[in-house]
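Each remark here refers to the structure printed beneath this line.
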Amino acid sequence: MPLMNGWQVLNEIRKTHDTPVMMLTALDTDVDKIHALRNGADDYIVKPFNPAEVIARVNIILRRVSFHRNNKDLSVYSTKNIEINIEHHQVTIKNTGEDIGDKLTSTEFRLLTHLIRYPKRVFTRQELLENCLPENDANERTVDSHVSKLRKKFSQAGLSNIPESIRGFGYRLGD
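See the structure below:
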């Protein structure tokens, strides 16, 4: 790996994601295996390997991940900077632990929860209008107004540009 070694890649992935990681390596000592597993690898395979065994191990990981995703609490969503608990109407700023959920209007909370359910996806104003203000006779500029107020509240809590504007298209939550 030219820019990072396997340990560095594993550490970077684990900082922000729970993506399954299977390490495939020539390092065959017990110390290396234990280090990888303790630091977040889901499996560790040493070269040379049997391709059929790798397929079986991948299928086991996928089965486990599928089970957990189907059974996880879908009322809690998280990004790098915020965590939203929909059931308890909480919006927690991760670096400070501050809950700003009680400072948001119901429309701002609906916008935020809609965006966080689809991280990094860009939504047009019209999509946000239809999904977050369906009973209202508002127009697309109303979405801009709500996003502006939402940004101001995040800014007061120490976070900027949440939600993020995508010029000429709409908004997204980002990382």
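With this note's numbering applied, the sequence shown corresponds to residues 173 to 347, in that order. For every residue, glycine included, the Cβ atom is placed at its ideal position computed from N, Cα and C.
In the DSSP assignment, Leu196 forms a beta bridge with Ile217.
Taking all protein chains shown into account, Ile338 has fewer than 16 neighbouring C-beta atoms within 10 Å of its C-beta and is therefore exposed. Taking C-alpha positions only, Val319 is separated from Lys187 by approximately 28 Å. Across the structure, Asn303 and Gly178 are spaced so that their CA atoms are roughly 42 Å apart. Secondary structure at Ile254: strand, using DSSP grouped into helix, strand and coil.
Residue nearest to Ser317 within the set Gly342, Gln328 and Val294 is Gly342 (criterion: CA-CA distance).
Residue range Glu312 to Gln328 is occupied by the alpha helix (DSSP H) that includes Ser320. Taking the Cβ atoms as the reference, Ser247 lies roughly 28 Å from Ile232, outside the contact range of under 8 Å. Using a C-beta cut-off of 8 Å, the stretch 272-288 makes contact with the stretch 320-330, since at least three inter-stretch Cβ pairs fall below that distance.
For the pair Val237 and Pro192, the CB atoms are nearer than the 8 Å cut-off.
Residue burial annotation: Tyr216 is buried, with at least 16 other C-beta atoms found within 10 angstroms of its C-beta. Closest in alpha carbon position to Asn267, among Ser250, Ala228 and Phe221, is Ser250.
Under the criterion of beta carbons closer than 8 Å, Ile288 and Leu345 qualify as touching, at roughly 5 Å. Of all alpha-carbon atoms in Val181, Ala228 and Lys219, the one lying nearest the alpha-carbon of Asn211 is that of Val181.
If you check the CB distance, Val218 and Asp202 do not come in under 8 Å.
In this structure, Arg229 and Met195 do not form a Cβ contact; the two beta carbons are roughly 11 Å apart against a cut-off of 8 Å.
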